[in-house]
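Asks:
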Amino acid sequence: MQIKRQFTVNASADRLWEIMGLQFTDVSHWASDIYASRGRNNGIIPQGAPCSGRVCETSLGSFKEQILQYDEQRKMISYDAKGDKMPFFVKHLANNWTFTPLAGGKCKVDMCMEISLLPVFNLLMGPMMRMQMGGVINQVIEELTYFAENGIPHPRKLEVQKELQLKGA
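Here this note's numbering is used: the first residue of the sequence shown is 652, the next is one more, and so on.
1. Tell me the residue span of the alpha helix (DSSP H) that contains Pro-778.
2. Assuming Gly-815 is part of the alpha helix (DSSP H), what are its boundary residues?
3. Mind pulling the beta strand (DSSP E) runs of 3 or more residues that sit fully within the region 719 to 745?
4. Does the pairing of the region 669 to 687 with the region 790 to 803 give three or more beta-carbon distances under 8 Å?
5. Can you tell me which of Lys-655, Ala-664 and Thr-659 puts its alpha carbon nearest to the alpha carbon of Phe-750?
6. Given that a residue counts as buried once 16 or more other Cβ atoms are within 10 Å of its Cβ, and exposed if not, what is Ala-746?
7. Excluding five sequence neighbours on each side, which residues of the same chain lie with their C-beta closer than 7 Å to the C-beta of Ile-654?
8. Straight-line CA distance for Thr-723 to Met-671?
9. Smallest Cα separation from Met-779: which of Val-741, Trp-668, Lys-818 and Asp-761?
10. How many whole angstroms separate the CB atoms of Ser-713 and Asp-731, which I take to be in contact at a CB cut-off of 8 Å?
11. Are the beta-carbon atoms of Ala-700 and Tyr-721 separated by less than 8 Å?
12. I need the straight-line Cα distance from Lys-759 to Phe-658, nearest angstrom please.
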């Protein structure tokens, strides 16, 4: 199953690449569902990449992401994700991002999430997974766009950070 999104951001492709490529390990700075993130270097580090992957701490536990492709020239990054609490019927989860410069300092963003489910579960859980992941993707897009355009995290991220500080996390 693929979930695709294409959207325009009022920030340069270089800015989007800086956030998603060069600062790959810093996703927790702007994504509200990710409380902490750090780079990891156990595996092959694609040429030019800042690391081989990252670990993201979320409400659904820890996710380990491995960079599969990293192309600074084409401003394209691809990575897979494995989560501690990911349902057993999810065989593979990967995300692909491409950032294309547009006139006026804008950027076209193409995102494609690929999810492979065990065959029987594809029929049973596919529609629900598509709906749930679509919501997650839309939130990430909104927060990424806000961060790229404004240089500060989305208000939702700031609220999550405030709640975590109050809890003493």
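Cβ coordinates follow ideal geometry from the N, Cα and C atoms, glycine included.
Replies: Taking the definition as stated:
1. Sequence index remark: in the sequence shown, residue 778 carries index 127 (1-based). Start and end: 770 to 801.
2. Taking the sequence shown and counting its residues from 1, one reaches residue 815 at position 164. It should be pointed out that residue 815 corresponds to Leu in this sequence rather than to Gly. Segment 806 to 818, the alpha helix (DSSP H) holding Leu-815.
3. Residue ranges of uninterrupted beta strand (DSSP E) with 3 or more members, entirely inside the region 719 to 745 and ordered along the chain, are 727 to 734.
4. Cβ pair count under 8 Å is three or more, so yes.
5. For the purposes of this step, residue 750 is identified with residue 99 of the sequence shown, where counting begins at 1. The option with the nearest alpha carbon to Phe-750 is Ala-664.
6. Along the sequence shown, one-based indexing puts residue 746 at 95. The identity of residue 746 in the sequence shown is Asn, whereas the question assumes Ala. Around the beta carbon of Asn-746, 16 or more other beta carbons lie within 10 angstroms, which makes this residue buried.
7. The residue given as residue 654 occupies position 3 in the sequence shown. Excluding sequence positions up to five before and after Ile-654, its CB lies within less than 7 Å of the CB of Met-764, Arg-781, Met-784, Gly-785 and Ile-788, all in the same chain and listed in chain order.
8. Taking the sequence shown and counting its residues from 1, one reaches residue 723 at position 72. Taking the sequence shown and counting its residues from 1, one reaches residue 671 at position 20. It is Glu, not Thr, that sits at residue 723 in the sequence shown. About 11 Å.
9. Stepping through the sequence shown from its first residue, residue 779 is reached at position 128. If you compare the alpha carbons of Val-741, Trp-668, Lys-818 and Asp-761 with that of Met-779, the shortest gap goes to Val-741.
10. The residue you call residue 713 lines up with position 62 of the sequence shown. The residue you call residue 731 lines up with position 80 of the sequence shown. About 15 Å; that fails the 8 Å criterion.
11. Position 49 of the sequence shown, counting from 1, holds the residue named residue 700. Position 70 of the sequence shown, counting from 1, holds the residue named residue 721. Result yes, Cβ atoms of Ala-700 and Tyr-721 sit closer than 8 Å.
12. The residue you call residue 759 lines up with position 108 of the sequence shown. The residue you call residue 658 lines up with position 7 of the sequence shown. About 6 Å.
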